[in-house]
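In the numbering used here, the protein residues as written are 19 to 193.
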């Protein structure tokens, strides 16, 4: 069980099942046994469209490899979940996210023009744009230098406290 508003880490060595665990929790993979509940609902009982809609509206996923689309600008990458969900842009919330994540001067840049830390902040902004209840972060700092990794963790902790978003991070290093 994970209480609403919690900031939790799952630490384990490579190959121990951390990403699989996160994929099960996020509804990306189906369990071979057992169930995953969000707010009392078994998400693996949902039909495909229901599960997609649930993930889009309630879960922000931050992938280790960013998964930014190289053809899209920073702002377009951030807005992608809104486009998929056919939701209107909330310009004031976008501004808040861009300011919080230090991306205001990078909105027209493409992923190839960004550092690793900037790409990760874009991925975090994309995970937040739908104002989810939960952020699932898969080794989101492992490819970053120690200082950038610390700043990303600081941002995630700030997001957790200020926006009361439940954050679950998997990592292979205690740091």
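Beta carbons: idealized from backbone N, C-alpha and C, even for Gly.
Is DSSP giving residue i helix, strand or coil here?
i, result
"residue 154", "strand"
"residue 147", "coil"
"residue 188", "strand"
"residue 160", "coil"
"residue 45", "coil"
Decide if residue i is buried, meaning its Cβ has at least 16 other Cβ atoms within 10 Å, or exposed.
i, result
"residue 112", "buried"
"residue 57", "exposed"
"residue 9", "Only positions 19 to 193 of the chain appear in this structure, which leaves residue 9 out of reach."
"residue 117", "exposed"
"residue 87", "exposed"
Using only the alpha-carbon positions, how far apart do residue i and residue j sit?
i, j, result
"residue 110", "residue 143", "14 Å"
"residue 168", "residue 158", "11 Å"
"residue 94", "residue 74", "16 Å"
"residue 24", "residue 141", "20 Å"
"residue 182", "residue 51", "31 Å"
"residue 98", "residue 161", "23 Å"
Worksheet item: How do the stretch 125-137 and the stretch 65-73 stand: do at least 3 beta-carbon pairs fall below 8 Å, yes or no?
Response: Of all C-beta pairs linking the stretch 125-137 to the stretch 65-73, fewer than three are shorter than 8 Å, placing the two stretches out of contact.
Worksheet item: With contact counted as at least three CB pairs below 8 Å, one residue from each stretch, are the stretch 34-47 and the stretch 177-189 in contact?
Response: Counting C-beta pairs with one atom in each stretch, the stretch 34-47 and the stretch 177-189 have three or more that are closer than 8 Å, which means they touch.
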